[in-house]
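Undergrad: For the sequence shown, the UniProt record's numbering assigns the number 1 to the initial residue and increments by one for each residue that follows.
Note that beta-carbon positions come from the ideal geometry of N, C-alpha and C, so glycine has one too.
Values in this document were obtained by computation on a predicted structure and should not be read as measured data.
Quick one: the structure is below, and I'll ask about it shortly.
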Amino acid sequence: MSHSPANSDHNKPRKPNASQGRRAASRRPVAPFKPAHPILERLAPLYPALFGAQPLPLKRGIFEDLVAANPEWDTEDLKQGLAIHTRSTRYLQAVSMGRARHDLQGQAVEPMAVEHSFHALTELFRRKLRHAERAEESQQAPLRAQAQEWLEHRLTKAVEHSGLRPSAYAESVHTRDAVVQATLTQVVQTATEQQARDEAMLRAYEASGSNVAAFAEMYGLTVQEAGLMLARARLHQQQRQEAEHATAQNAESSESTNMEPDTP
């Protein structure tokens, strides 16, 4: 008895599609976190929030705090371990997100400086490019394109998270990388135009005395679109106030540090 072509095709093994591949990858066991230096193996259980698998950014002066808390430890080993830790991809990811700096108790003690999160972000971008260079030739171009798309997305989020006007953000960071600079210029221009539109809409809304639904109809927007624009504009205002306050605090902290007498 012969089989029909349909039945024959049905019996052929099927190739997994992309979504099936992703699901299979998600079921693979994740390799346990293992610190890259013996001193970090000692730090991780003592300060898991700072030196665990998802570390928080460290406060400035954390080395001195660790020496005081663990006087029996070799300081050179500690310096080397901290250098490895702060260059790790896990740590750079936390810094690039603009998360606050934390002390040994895991408490946030100072905001992350914009330029520090920017430099962490650009270092991660360079690592993605180096990964693309090491890939098979057929994968290099797609991986470079993914890295570029990632940079644009993360820079956009960084500008938003900073609370600064896009132009002020651009003035706060510096890079010699032509690709990063060109991407930053593009992101800043787009963000500037978006913020200007949002703030103009907020001013018009506040002057109109209307509710959101009536205001949206007046400008040919859906209620959801109008609400989103107004929320963004208000968020920008709040973030700028917080950023200005944090900048003033950092300036006062730097000034007081500079006035301290040098230790022998």
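#1: In this structure, does DSSP put Leu-151 in helix, strand or coil?
#2: Just to check my reading of the structure: residue 266 and Phe-118 have Cβ atoms closer than 8 Å, yes? What is that Cβ distance to the nearest angstrom?
#3: Span of the alpha helix (DSSP H) holding Val-95?
#4: With a 10 Å radius around its C-beta and 16 neighbouring C-beta atoms as the bar for buried, classify Pro-55 as buried or exposed.
#5: Which residues does DSSP list as the beta-bridge partners of Ala-108?
#6: Residues bridged to Leu-58 by DSSP?
#7: What number of angstroms, rounded off, separates the C-alpha of Ile-84 from the C-alpha of His-37?
#8: What are the boundary residues of the alpha helix (DSSP H) that Tyr-205 is part of?
#9: Relative to the C-alpha of Leu-164, which candidate in Leu-92, His-131, Leu-43 and His-245 has its C-alpha closest?
#10: Using CA coordinates, which residue listed in Ser-96, Ile-39 and Arg-176 is at the minimum distance from Lys-79?
#11: What residue range is occupied by the uninterrupted alpha helix (DSSP H) comprising Val-212?
#12: Helix, strand or coil for His-245 per DSSP?
#13: Between the beta-carbon of Thr-175 and the beta-carbon of Leu-151, is there less than 8 Å?
#14: Would you mind giving the Cβ-Cβ distance between Leu-143 and His-131, rounded to the nearest angstrom? I have them listed as a contact below 8 Å.
TA: Let's see:
#1: Residue state, collapsed to three classes: helix.
#2: Residue 266 falls outside the range modelled here, since the chain spans only 1 to 264, and no answer is possible.
#3: It spans 89-96 - the alpha helix (DSSP H) in which Val-95 sits, taken as one unbroken run.
#4: Result: buried.
#5: Answer is His-102.
#6: Checking the DSSP bridge columns, you'll see Leu-58 partnered with His-102.
#7: When only Cα atoms are considered, Ile-84 and His-37 end up about 8 Å apart.
#8: Tyr-205 -> alpha helix (DSSP H) spans 178-208.
#9: For Leu-164, the nearest C-alpha among the options comes from His-245.
#10: Checking every option, the nearest Cα to that of Lys-79 belongs to Ile-39.
#11: Unbroken alpha helix (DSSP H) run through Val-212: 212-218.
#12: Correct three-state label for His-245: helix.
#13: The Cβ-Cβ distance between Thr-175 and Leu-151 does not fall below 8 Å.
#14: So it is a contact: roughly 7 Å between Cβ atoms.
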